[in-house]
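Residue 82 in numbering that gives the first Met the number 0 sits at position 83 of the sequence shown, and the numbers go up by one each step. For every residue, glycine included, the Cβ atom is placed at its ideal position computed from N, Cα and C. Computed from a predicted structure; not experimentally measured.
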Amino acid sequence: MPASTLARNRLPAYCCQLQMRINHASMILEQLYDRRDGYATHAELAELTGLNQAQIARALSRLREIGHEVEFSPSHGLRLARPVRLDAHIIERGLDTGRVGRNVICFEQVGSTNDVAFDSARQADADGLVVLAESQSKGRGRLGRKWVSPPQTNVLMSVLLVDAAGSLPHEAITIAAGLAAAEGIEQAVGLDCRLKWPNDLELDGEKLAGILVEVRNIPQARGPARRCVVVGIGVNCNAAPPADAIGRHATCLADHLGEPVERIEIVRAVLQSLDRWIADIAAGQLDDLHNRWVARCGMINRRVTILSDGVRHTGRVLDVQPLEGLVLCKDNGQTVHLPASSSTVGD
0 MPASTLARNR
10 LPAYCCQLQM
20 RINHASMILE
30 QLYDRRDGYA
40 THAELAELTG
50 LNQAQIARAL
60 SRLREIGHEV
70 EFSPSHGLRL
80 ARPVRLDAHI
90 IERGLDTGRV
100 GRNVICFEQV
110 GSTNDVAFDS
120 ARQADADGLV
130 VLAESQSKGR
140 GRLGRKWVSP
150 PQTNVLMSVL
160 LVDAAGSLPH
170 EAITIAAGLA
180 AAEGIEQAVG
190 LDCRLKWPND
200 LELDGEKLAG
210 ILVEVRNIPQ
220 ARGPARRCVV
230 VGIGVNCNAA
240 PPADAIGRHA
250 TCLADHLGEP
260 VERIEIVRAV
270 LQSLDRWIAD
280 IAAGQLDDLH
290 NRWVARCGMI
300 NRRVTILSDG
310 VRHTGRVLDV
320 QPLEGLVLCK
330 DNGQTVHLPA
340 SSSTVGD
């Protein structure tokens with residue numbers, strides 16, 4: 000039999016072995032993550048997973064190959080180094096959502112998670128896709144600003160929503176994303192974030208997170224183009240960028256908690272909150288979204304200056320509406336509605 004035929008015959012067996020190794024690694028990762036505050040011995044892992052010692056050793060080797068740092072203590076056993084690396088399987092396992100997070104993918108490095116999400120929009124099952132990365136080389140914020148984050152420290156995440164029905168307005172999605180991030184952070188670590196229109200989250204007046212919502216019409220191989228909305232969310236979990244990199248003081252969750260933050264818990268909680276608000280928006284139910292957002296906003300009744308489409312508006316903030324944007328009573332008595340997509344708070 001020719002060598003090429005032998006190789007082809009062996010390929011299915013090799014693929015099965017590789018898949019089994021990946022499955023075993025996922026089983027061990029689940030157990031170590033669930034016990035991340037302590038240790039697990041080889042014997043405990045064997046009992047919990049049904050794997051033998053050789054399979055456990057290969058699974059641990061696989062975990063280290065893909066970047067997980069597994070610490071070993073002769074007297075205690077094994078544990079994952081904290082904070083734990085992002086892992087799609089672990090994130091999906093703990094998600095309870097209807098639309099957001101149907102598929103989750105994690106990358107070591109990308110140019111931009113938003114761009115990866117848009118590039119995936121032609122796939123049949125693209126709606127609800129979540130893209131995460133340990134680092135970005137071309138991360139961006141609103142109005143062409145650069146998003147800066149050290150590798151393997153923070154949440155860099157994008158959610159793709161296929162909006163064929165046109166039921167997801169840009170303004171409402173921006174508000175929902177900020178509120179979901181604030182609610183998710185509070186649920187995961189107990190910190191109360193304030194929302195700064197249009198797209199920032201703050202702790203003690205310093206920037207903690209940012210939102211970038213982008214909309215594109217993506218051509219399809221067959222049929223009309225699809226309107227796609229990508230929700231980019233960046234949260235400073237374990238490191239904050241220097242002030243000179245973003246033009247203002249920033250903070251991170253770890254600084255307020257005094258310990259490393261498990262990003263997986265932040266991701267899950269934010270996605271679950273976002274899923275709820277997306278469902279409300281798609282159903283045209285905006286009252287609760289509006290009320291919850293305003294309750295977390297520190298700008299209502301404050302005098303501010305807003306730059307919108309190159310025009311400076313100064314006055315008192317009356318409201319923030321999910322469809323109309325910020326409602327400002329200008330100093331001359333005129334009331335204007337300023338959209339999040341083209342507005343920013345001035346100095």
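Check: By the 10 Å Cβ neighbour count, where 16 or more other Cβ atoms means buried, how is Thr96 classified, buried or exposed?
Finding: The residue given as residue 96 occupies position 97 in the sequence shown. So Thr96 ends up on the buried side.
Margin query: Under DSSP, the beta strand (DSSP E) around Thr350 begins and ends at which residues?
Written below: The question about residue 350 has no answer, for the chain in this structure spans 0 to 346.
Check: By the 10 Å Cβ neighbour count, where 16 or more other Cβ atoms means buried, how is Glu68 classified, buried or exposed?
Finding: Stepping through the sequence shown from its first residue, residue 68 is reached at position 69. Glu68 is exposed by the Cβ-count criterion.
Notebook entry, point to check: Cys236 to Glu261, Cα distance in whole Å?
Noted result: Here residue 236 corresponds to residue number 237 of the sequence shown, with the count starting at 1. Here residue 261 corresponds to residue number 262 of the sequence shown, with the count starting at 1. Those two C-alpha atoms are separated by around 8 Å.
Margin query: For Asn153 and Gln122, what's the separation of their Cα atoms in angstroms?
Written below: Start at 1 with the first residue of the sequence shown, and residue 153 comes out as number 154. Start at 1 with the first residue of the sequence shown, and residue 122 comes out as number 123. A straight-line Cα-Cα distance of about 28 Å links Asn153 and Gln122.
Notebook entry, point to check: Short check: CB of Leu77 to CB of Tyr38, under 8 Å?
Noted result: The count along the sequence shown starts at 1 and reaches residue 77 at position 78. The count along the sequence shown starts at 1 and reaches residue 38 at position 39. Result yes, Cβ atoms of Leu77 and Tyr38 sit closer than 8 Å.
Next item on the list: Compute the beta-carbon to beta-carbon distance between Leu94 and Arg267, rounded to the nearest angstrom, for a pair I have assumed lies under 8 Å.
Entry: The residue labelled residue 94 in the question sits at position 95 within the sequence shown. The residue labelled residue 267 in the question sits at position 268 within the sequence shown. The Cβ separation is near 6 Å, so the contact holds.
Next item on the list: Would you list the residues sitting across from Arg78 in a DSSP beta bridge?
Entry: Position 79 of the sequence shown, counting from 1, holds the residue named residue 78. Residue pairing of Arg78 in beta bridges, as defined by DSSP: Glu70.
Next item on the list: Would you list, in sequence order, the uninterrupted alpha helix (DSSP H) runs of no fewer than 4 residues that lie entirely inside the stretch 189 to 273?
Entry: Qualifying alpha helix (DSSP H) stretches, in chain order: 242 to 245 and 252 to 256.
Next item on the list: Compare the C-alpha of Val99 against each of Phe117, His289, Val115 and Asp274 and name the closest.
Entry: Taking the first residue of the sequence shown as position 1, residue 99 is located at position 100. Ranked by Cα distance from Val99, the options Phe117, His289, Val115 and Asp274 are led by Asp274.
Notebook entry, point to check: Taking contact to mean at least 3 C-beta pairs separated by less than 8 Å, is the stretch 272 to 290 in contact with the stretch 158 to 166?
Noted result: Segments in contact, yes.
Check: Do you know offhand how far Asp330's Cα is from Gly314's?
Finding: Along the sequence shown, one-based indexing puts residue 330 at 331. Along the sequence shown, one-based indexing puts residue 314 at 315. C-alpha separation (whole angstroms): 5 Å.
Next item on the list: Could you tell me whether the Cβ atoms of Leu207 and Thr250 are closer together than 8 Å?
Entry: Counted from its first residue, the sequence shown places residue 207 at position 208. Counted from its first residue, the sequence shown places residue 250 at position 251. Less than 8 Å divides the Cβ of Leu207 from the Cβ of Thr250.
Check: Quick one: Cα of Val344 to Cα of Arg57, how far?
Finding: As a first step, residue 344 must be located in the sequence shown, where it is residue number 345. As a first step, residue 57 must be located in the sequence shown, where it is residue number 58. Those two C-alpha atoms are separated by around 54 Å.
Margin query: Can you list, in chain order, the residues of its chain with a C-beta nearer than 6 Å to that of Leu325? Leave out the 5 residues immediately preceding and following it.
Written below: Locating residue 325 in the sequence shown gives position 326, counting from the first residue. Once the five neighbours on either side are set aside, the close Cβ partners of Leu325 are Trp196, Val319 and Leu337.
Check: Between the C-alpha atoms of Ser134 and Glu185, what's the straight-line distance to the nearest angstrom?
Finding: On the sequence shown, position 135 is the one that residue 134 refers to. On the sequence shown, position 186 is the one that residue 185 refers to. Each residue's Cα considered, the two are about 24 Å apart.
Next item on the list: Would you kindly check if the distance between the Cβ of Pro259 and the Cβ of Gln82 is under 8 Å?
Entry: Here residue 82 refers to the residue found at position 83 when the sequence shown is read from its first residue. Here residue 259 refers to the residue found at position 260 when the sequence shown is read from its first residue. Before going further, note that residue 82 is Pro rather than Gln in the sequence given. With contacts defined as CB atoms closer than 8 Å, Pro82 and Pro259 qualify as a contacting pair.
Check: Would Ile104 pass as a contact of Ala87 if the rule is Cβ separation under 8 Å?
Finding: If you number the sequence shown from 1, residue 104 lands on position 105. If you number the sequence shown from 1, residue 87 lands on position 88. Yes; because the gap between Cβ atoms is below 8 Å, this pair is in contact.
Next item on the list: Ignore the nearest five residues each way along the sequence and tell me which others in Gly177's own chain have a CB closer than 6 Å to its CB.
Entry: As a working mapping, residue 177 is identified with position 178 in the sequence shown. Scanning its chain for C-beta atoms nearer than 6 Å, with the 5 sequence neighbours on each side dropped, one finds around Gly177 the residues Leu194 and Ile210, in chain order.
Item checked: Check whether Ile55 and Leu44 have beta carbons under 8 Å apart -> By one-based count along the sequence shown, residue 55 stands at place 56. By one-based count along the sequence shown, residue 44 stands at place 45. In this structure, Leu44 lies closer than 8 Å to Ile55 by Cβ.
Checklist line | Residues of its chain near Leu306, where Cβ-Cβ distance is below 7 Å and the 5 sequence neighbours each way are ignored | finding: Position 307 of the sequence shown, counting from 1, holds the residue named residue 306. Correct list, in chain order: Ser342, Thr343 and Gly345.
Notebook entry, point to check: If we ignore side chains and look at the alpha-carbon of each, how far apart do Gly127 and Ser340 end up?
Noted result: By 1-based counting over the sequence shown, the position of residue 127 is 128. By 1-based counting over the sequence shown, the position of residue 340 is 341. Straight-line Cα distance between these residues: approximately 22 Å.
Notebook entry, point to check: So, Leu288 versus Ala171, is the Cβ gap smaller than 8 Å?
Noted result: For the purposes of this step, residue 288 is identified with residue 289 of the sequence shown, where counting begins at 1. For the purposes of this step, residue 171 is identified with residue 172 of the sequence shown, where counting begins at 1. Taking 8 Å as the Cβ cut-off, Leu288 and Ala171 qualify as a contacting pair.
Check: Does DSSP put Ser111 in a helix, in a strand, or in coil?
Finding: Taking the first residue of the sequence shown as 1, we reach residue 111 at position 112. Looking at Ser111 - three-state DSSP - the assignment turns out to be coil, as it is neither helix nor strand.
Checklist line | beta strand (DSSP E) runs wholly inside the stretch 102 to 173, at least 3 long, in chain order | finding: List check, beta strand (DSSP E) in window: 103 to 109, 129 to 135 and 154 to 161.
Notebook entry, point to check: Exposed or buried, Ser119, counting other C-beta atoms within 10 Å across all chains shown (16 or more means buried)?
Noted result: Position 120 of the sequence shown, counted from the start, is the residue given in the question as residue 119. Sixteen is the threshold: when 16 or more other Cβ atoms of the shown chains lie within 10 Å of the Cβ of Ser119, as they do, the residue is buried.
Next item on the list: Identify the continuous beta strand (DSSP E) that holds Arg302 and give its terminal residues.
Entry: Locating residue 302 in the sequence shown gives position 303, where the first residue counts as 1. Counting along the chain, the unbroken beta strand (DSSP E) around Arg302 starts and ends at Arg302 to Ser307.
Item checked: DSSP three-state assignment for Val335, whether helix, strand or coil -> Counting from one through the sequence shown, the residue named residue 335 turns up at place 336. Residue state, collapsed to three classes: strand.
Check: Along the chain, where does the beta strand (DSSP E) that runs through Ser341 open and close?
Finding: For this step, residue 341 is matched to residue 342 along the sequence shown. Note, Ser341: premise wrong, no beta strand (DSSP E); not H, not E.
Margin query: I'd like the span of the beta strand (DSSP E) that includes Leu325, first residue to last.
Written below: As a working note, residue 325 is residue 326 in the sequence shown. Residues Gly324 to Lys329.
Next item on the list: In the DSSP assignment, find the alpha helix (DSSP H) that holds Ile55 and state where it starts and stops.
Entry: For this step, residue 55 is matched to residue 56 along the sequence shown. Taken as a continuous stretch (DSSP letters only), the alpha helix (DSSP H) holding Ile55 covers Gln52 to Glu64.
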